[in-house]
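First comes the structure, then the notes that go with it.
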Amino acid sequence: MPESTSTNAERLLTDLELRKLHWRSRRGLLENDLLIEKFFADHGIRLNLAQGDAVTALMNLADNDLLDLLLRRKELQGDLDTPLVQQVLDWMRPPPVASGAHRSA
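Laid out in structure tokens, this is it:
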């Protein structure tokens with residue numbers, strides 16, 4: 062009996078699938094690459110198929126559009142505005158800077 066779609070989506074990416082996804086995620090902007098590399102280091106081995114599809118959807122964006130999302134200058138819109146893509150985007154984003162935080166000398 063074939064696996065159900067939800068069960069299949071929850072299957073972890075194989076090593077080959079993960080390496081392909083990681084390679085295809087290389088970007089032309091260093092800022093994007095730094096955040097994406099940290100994402101793969103922190104979350105790569107735990108990604109399932111559905112999350113891999115969400116990463117692919119984000120990687121289909123132009124570099125500047127992706128950077129705007131990563132730096133919270135824009136939020137997800139249209140077909141990308143799904144809980145799964147939001148989850149992956151949140152994992153990729155750097156922690157927010159606390160407003161009003163000042164360094165003391």
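Quick note on my numbering: the sequence shown kicks off at 62 and runs consecutively. Just so it is clear, CB atoms sit at the ideal spot from N, CA and C, and this is done for glycine as well.
Can you tell me where the alpha helix (DSSP H) holding residue i begins and where it ends?
i    : result
Q148 : 144 to 153
L132 : Premise fails: L132 is in no alpha helix (DSSP H) and is neither H nor E.
D140 : Element bounds for D140: n/a, residue is neither H nor E.
N93  : 91 to 104
Closest to residue i by C-alpha separation, out of the options, would be which residue?
i    : options                : result
N69  : G113, I97, L96         : G113
R85  : R154, L127, W152, M120 : M120
L96  : V158, L150, A159, S160 : L150
R133 : E78, W152, L73, L74    : W152
L145 : A111, L122, E98, E92   : A111
L79  : L122, P156, V116       : V116
T143 : D76, A118, D94, N93    : A118
D126 : F100, Q148, E92        : E92
Q148 : A159, F100, D76, L122  : F100
So what does residue i bridge to, in DSSP terms?
i   : result
L73 : N109
Below 8 Å on the Cβ atoms is my contact criterion, and I expect residue i with residue j to pass it. Report the Cβ-Cβ distance as a whole number of Å.
i    : j    : result
R154 : D124 : With a Cβ gap of about 16 Å, R154 and D124 do not count as contacting.
L128 : L90  : 6 Å
N109 : L74  : 7 Å
* the stretch 134 to 146 in contact with the stretch 98 to 109 per 3-pair CB rule at 8 Å -> Proximity of the stretch 134 to 146 to the stretch 98 to 109 falls short of the contact definition, fewer than three beta-carbon pairs being nearer than 8 Å.
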